[in-house]
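Just so we're aligned, residue 1 is where the sequence shown starts under UniProt numbering, counting upward by one. Where is the CB? At the ideal position from N, CA and C, for every residue including glycine.
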Amino acid sequence: MSSLIEDPEIPLVGMNNHKCRSYSSTNNEDIKANSHSITSIRRYGTVGKRLAIRRELYQKRRRMGDISLLLATFGTVLMMIELELCLFSVIDKASAMSFFVKVGISVSTVSLLVVLALYHRVDIQLFTIDNCVDDWCLAIDRTRVLKIGIEMLICSVHPIPGTYMSSNRQENAAPQSSLASSTISSGTLNSSALTFEIPSYDVFLALPMFLRVYLLCRSVMLHSRLYEDASSQSLGALNRVHFNFAFIFKSFMSLHAEHVLIMITIIAFLISSWCLRLCEIQFRPTEATMLNSMWLIAVTFLSVGYGDIVPISYCGRGIAVITGIIGAGCTALVVAVLARKLELTRAEKYVHDFVIDADLNKRIKHEAANVLRAGWLIYKANKNNASKRAINEHQRKMLRAIYHIRERKAQQRRLLDSTVTLVEVNKGQSDMSLYIDQLRNKQQAMEEQILNIKCAVGGIHEKLDGLYYILNKPTL
1 MSSLIEDPEI PLVGMNNHKC RSYSSTNNED IKANSHSITS IRRYGTVGKR
51 LAIRRELYQK RRRMGDISLL LATFGTVLMM IELELCLFSV IDKASAMSFF
101 VKVGISVSTV SLLVVLALYH RVDIQLFTID NCVDDWCLAI DRTRVLKIGI
151 EMLICSVHPI PGTYMSSNRQ ENAAPQSSLA SSTISSGTLN SSALTFEIPS
201 YDVFLALPMF LRVYLLCRSV MLHSRLYEDA SSQSLGALNR VHFNFAFIFK
251 SFMSLHAEHV LIMITIIAFL ISSWCLRLCE IQFRPTEATM LNSMWLIAVT
301 FLSVGYGDIV PISYCGRGIA VITGIIGAGC TALVVAVLAR KLELTRAEKY
351 VHDFVIDADL NKRIKHEAAN VLRAGWLIYK ANKNNASKRA INEHQRKMLR
401 AIYHIRERKA QQRRLLDSTV TLVEVNKGQS DMSLYIDQLR NKQQAMEEQI
451 LNIKCAVGGI HEKLDGLYYI LNKPTL
């Protein structure tokens with residue numbers, strides 16, 4: 001007999017707030033020996049309490065995801081505003097306004113890191129509840145630590161408050177624009193250094209802030225109905241399906257593929273255009289406009305590459321390469337979505353195949369009639385002693401009609417092969433299983449009827465034996 005106390009403490013229906021009895025062991029020493037395991041079981045109380053705590057932690061984690069997305073968006077918008085104001089010479093990098101804006105970016109970044117730490121704390125608590133463990137250290141492994149470290153590193157990058165250089169002076173050594181070429185040829189271009197108001201370190205600290213866009217994907221996952229529904233989570237656990245972002249993305253692509261592709265394309269297009277403009281404006285201030293950047297990103301995204309505008313900085317070239325990779329992926333997704341949208345449904349395929357098969361049958365009958373007509377004409381020509389040329393012409397028509405019949409029958413076979421898909425095979429197998437079950441039931445019923453007939457025949461035989469005994473009984 002087991003020495004563990006079985007105390008599920010699950011409240012039953014209709015108990016009227018009375019406490020349920022629990023099973024207890026008669027051996028007190030065994031109870032003390034297993035007190036540690038009982039304490040770990042009772043840590044979260046009843047199953048209902050565990051589910052309630054789990055639901056509260058889910059809601060708390062969703063709120064943390066929303067707050068982190070809001071803080072990341074706020075810091076990124078402040079960064080873009082500060083850089084745009086410096087580009088248009090509204091404020092200076094050494095001014096108090098730029099300093100205060102950067103302080104706001106730093107405050108939002110620190111707040112974001114704190115919220116992310118709380119988010120992962122709630123995630124660890126959910127792990128302990130889902131796996132019924134007491135020690136939270138069991139949830140900490142190398143993979144989780146590495147993911148948290150990379151996430152904190154990505155979200156901590158931002159422009160640092162303060163100015164460490166007054167201006168960034170660089171020579172425009174190789175201007176690519178026609179305006180610069182005409183200026184060089186006319187001798188009006190001054191070889192002195194050009195002054196820009198954006199230091200290079202601000203650019204390299206500002207661009208990684210757009211990597212925070214992954215928080216949008218996390219927020220979409222946490223707000224998904226599949227992720228919030230407890231029944232879906234249970235069904236996924238039974239089928240060993242993990243409800244992560246990859247599964248949610250596949251679900252959205254199967255339901256709303258057009259909207260997802262449009263959102264991905266627009267977000268990637270705008271972010272890449274702005275980043276390319278920020279990288280190229282230090283080297284080509286006359287050409288690095290937003291419209292030119294959008295044009296370059298568009299031709300790169302679509303894998304066209306006219307070559308009229310090319311990036312000259314390493315930062316711009318890197319952005320162009322990343323844009324080309326994203327464009328190739330989006331193009332593949334568009335092709336897959338269009339192929340699925342243009343595919344016939346099951347009912348449409350049945351109707352289409354039926355119409356094609358009926359048309360092929362009509363053509364076969366028509367060609368068979370041509371064969372009969374050509375044969376009759378050959379017989380008539382031989383009987384009337386017609387010329388060899390006329391007989392050969394009728395023979396060629398008959399052979400052509402026979403070839404057409406064979407071709408139409410081959411088309412029917414190919415149509416039949418394309419009609420039988422995995423759905424039809426599965427349906428046929430299901431129907432066959434149903435027929436076999438019905439046949440088995442009929443066989444069992446028939447066996448029962450035969451057994452009843454056998455019993456009835458046995459009773460009749462006994463009665464006949466009794467009648468025979470009575471008839472042959474000697475009379476006194």
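request  = Sort L278, L270 and P285 by Cα distance to I297 and report the nearest one.
outcome  = Residue 297 sits at position 297 when you count from the first residue of the sequence shown. It is L270.
Euclidean distance between Cα positions of T421 and G428 = In the sequence shown, the residue the question calls residue 421 occupies position 421. In the sequence shown, the residue the question calls residue 428 occupies position 428. So the two alpha carbons sit approximately 11 Å from each other.
ask   = Are the CB atoms of L71 and V115 nearer to each other than 8 Å?
value = Counting from one through the sequence shown, the residue named residue 71 turns up at place 71. Counting from one through the sequence shown, the residue named residue 115 turns up at place 115. Result yes, Cβ atoms of L71 and V115 sit closer than 8 Å.
query = Considering E151, what are the terminal residues of the alpha helix (DSSP H) in which it resides?
reply = Position 151 of the sequence shown holds residue 151. Taken as a continuous stretch (DSSP letters only), the alpha helix (DSSP H) holding E151 covers R142 to S156.
request  = Closer than 7 Å by C-beta to I184: which residues in its own chain qualify, once you throw out the five before and the five after it? Chain order, please.
outcome  = As a first step, residue 184 must be located in the sequence shown, where it is residue number 184. For I184, the predicted structure reports a pLDDT of 32, less than 50, and the residue's modelled location is therefore unreliable. The matter cannot be settled from this model.
query = Are M64 and Y119 touching if we call contact CB-CB under 8 Å?
reply = Taking the first residue of the sequence shown as position 1, residue 64 is located at position 64. Taking the first residue of the sequence shown as position 1, residue 119 is located at position 119. Yes, these two residues count as a Cβ contact at 8 Å.
inquiry  = Check this for me: beta carbons of L238 and S68, under 8 Å apart or not?
reply    = By 1-based counting over the sequence shown, the position of residue 238 is 238. By 1-based counting over the sequence shown, the position of residue 68 is 68. Their beta carbons are not under 8 Å apart, which means L238 does not touch S68 by this criterion.
request  = Starting from M209, follow the alpha helix (DSSP H) in both directions and report where the run begins and ends.
outcome  = If you number the sequence shown from 1, residue 209 lands on position 209. Looking at the DSSP string, M209 is not in any alpha helix (DSSP H), and its letter there is neither H nor E.
ask   = Are R62 and H256 touching if we call contact CB-CB under 8 Å?
value = Taking the sequence shown and counting its residues from 1, the one referred to as residue 62 is at position 62. Taking the sequence shown and counting its residues from 1, the one referred to as residue 256 is at position 256. No, the Cβ-Cβ distance between R62 and H256 is not below 8 Å.
message = Within 10 Å of its beta-carbon, does I319 have 16 or more other beta-carbons around it, so buried, or fewer, so exposed?
response = Counting from one through the sequence shown, the residue named residue 319 turns up at place 319. I319 comes out buried.
query = Would a C-beta distance cut-off of 8 Å place S108 and G75 closer than the cut-off?
reply = Your numbering for residue 108 matches position 108 in the sequence shown. Your numbering for residue 75 matches position 75 in the sequence shown. Contact flag set, yes.
query = Are the segment 430-437 and the segment 404-412 in contact at 8 Å, needing three or more beta carbon pairs?
reply = The segment 430-437 vs the segment 404-412: no contact.
key: Continuous beta strand (DSSP E) assignments of at least 3 residues falling wholly in the segment 39-116   = none
key: Buried versus exposed call for C275 [16 or more other C-beta atoms within 10 Å across all chains shown]   = Indexing the sequence shown from 1 puts residue 275 at position 275. The residue is buried, with at least 16 neighbouring Cβ atoms inside 10 Å.
inquiry  = For T26, count the other beta carbons within 10 Å of its own beta carbon; 16 or more makes it buried, fewer makes it exposed. Which is it?
reply    = If you number the sequence shown from 1, residue 26 lands on position 26. Per-residue confidence for T26 stands at a pLDDT of 41, beneath the threshold of 50, marking its modelled position as unreliable; no derived number is given.
query = What is the rounded straight-line gap between the Cα of S303 and the Cα of M290?
reply = Counting from 1 along the sequence shown, the entry for residue 303 is found at position 303. Counting from 1 along the sequence shown, the entry for residue 290 is found at position 290. S303 and M290 have their alpha carbons spaced roughly 20 Å apart.
Option in T300, P159, T265 and M446 with minimal Cα separation from V103 = Within the sequence shown, numbered from 1, the residue matching residue 103 stands at position 103. The candidate whose alpha carbon is nearest that of V103 is P159.
inquiry  = At the level of alpha carbons, what is the spacing between S89 and V203?
reply    = Counting from 1 along the sequence shown, the entry for residue 89 is found at position 89. Counting from 1 along the sequence shown, the entry for residue 203 is found at position 203. Distance between the alpha carbons of S89 and V203 is about 16 Å.
request  = Using three-state DSSP, classify V334 as helix, strand or coil.
outcome  = On the sequence shown, position 334 is the one that residue 334 refers to. Helix, per DSSP.
message = I believe L226 touches S251 by the beta-carbon criterion, under 8 Å. Please report the beta-carbon distance rounded to the nearest angstrom.
response = Within the sequence shown, the letter at position 226 stands for residue 226. Within the sequence shown, the letter at position 251 stands for residue 251. L226 to S251, Cβ: 6 Å. Contact.
request  = Could you pull out every unbroken alpha helix (DSSP H) segment of at least 4 residues lying fully inside the segment 355-404, listed in chain order?
outcome  = Considered as a whole, the segment 355-404 harbours no complete run of any alpha helix (DSSP H) with no fewer than 4 residues.
L51 versus L333 - alpha carbon distance = Numbered from 1 along the sequence shown, position 51 holds the residue referred to as residue 51. Numbered from 1 along the sequence shown, position 333 holds the residue referred to as residue 333. Our two residues, L51 and L333, have alpha carbons roughly 39 Å apart in a direct line.
message = Considering only their Cβ atoms, is the gap separating N292 from I309 smaller than 8 Å?
response = Within the sequence shown, the letter at position 309 stands for residue 309. Within the sequence shown, the letter at position 292 stands for residue 292. Yes, the Cβ-Cβ distance between I309 and N292 is below 8 Å.
ask   = What number of angstroms, rounded off, separates the C-alpha of M97 from the C-alpha of V337?
value = Counting from 1 along the sequence shown, the entry for residue 97 is found at position 97. Counting from 1 along the sequence shown, the entry for residue 337 is found at position 337. Going from the Cα of M97 to the Cα of V337 covers about 48 Å.
inquiry  = Here's the rule: buried if 16 or more other CB atoms are within 10 angstroms of the residue's CB, otherwise exposed. What is L207?
reply    = On the sequence shown, residue 207 is found 207 positions in, with the first residue counted as 1. Label assigned to L207: buried.
key: For E424, three-class secondary structure by DSSP   = Reading the sequence shown from its first residue, position 424 is the one you call residue 424. E424 carries a helical assignment under DSSP once its states are collapsed to helix, strand and coil.
key: Runs of alpha helix (DSSP H) wholly within the segment 229-305 (minimum 4 residues, chain order)   = 230-238, 245-255, 257-280 and 290-301
query = With C-beta atoms as the reference, is A401 less than 8 Å away from N361?
reply = Translated into the one-based positions of the sequence shown, residue 401 becomes position 401. Translated into the one-based positions of the sequence shown, residue 361 becomes position 361. Not in contact: A401 and N361 (Cβ atoms no closer than 8 Å).
ask   = Okay, do the segment 389-401 and the segment 370-381 touch, 3+ Cβ pairs below 8 Å being the bar?
value = yes
inquiry  = Suppose you measure from the CA of E447 to the CA of C455; what does that come to, to the nearest Å?
reply    = Position 447 of the sequence shown, counted from the start, is the residue given in the question as residue 447. Position 455 of the sequence shown, counted from the start, is the residue given in the question as residue 455. Distance between the alpha carbons of E447 and C455 is about 12 Å.
task = Could you have a look at G162 and say whether DSSP puts it in helix, strand or coil?
result = What you label residue 162 is simply residue 162 of the sequence shown in a count that begins at 1. It is coil, neither helix nor strand.
query = Looking at C315 and C279, is the spacing between their C-beta atoms short of 8 Å?
reply = Along the sequence shown, one-based indexing puts residue 279 at 279. Along the sequence shown, one-based indexing puts residue 315 at 315. C315 sits close to C279, with the two beta carbons spaced by under 8 Å.
query = Buried or exposed: M432, going by 16 or more other Cβ atoms within 10 Å of its Cβ?
reply = As a working mapping, residue 432 is identified with position 432 in the sequence shown. Exposed, by the Cβ-count rule.
query = Can you tell me whether DSSP reads V351 as helix, strand or coil?
reply = Taking the sequence shown and counting its residues from 1, one reaches residue 351 at position 351. Helix, per DSSP.
ask   = Quick one: Cα of I41 to Cα of S234, how far?
value = Numbered from its first residue, the sequence shown carries residue 41 at position 41. Numbered from its first residue, the sequence shown carries residue 234 at position 234. In this prediction, I41 has a pLDDT of 41, which is less than 50 and means its spatial position is unreliable; what the coordinates show is noted afterwards. Near 21 Å, if we compare the C-alpha coordinates of S234 and I41.
ask   = Using the rule of at least 16 other Cβ atoms within 10 Å of the residue's Cβ for burial, across every protein chain shown, is E367 buried or exposed?
value = Here residue 367 refers to the residue found at position 367 of the sequence shown. Counting other Cβ atoms within 10 Å of its Cβ, E367 reaches 16 or more and is therefore classed as buried.
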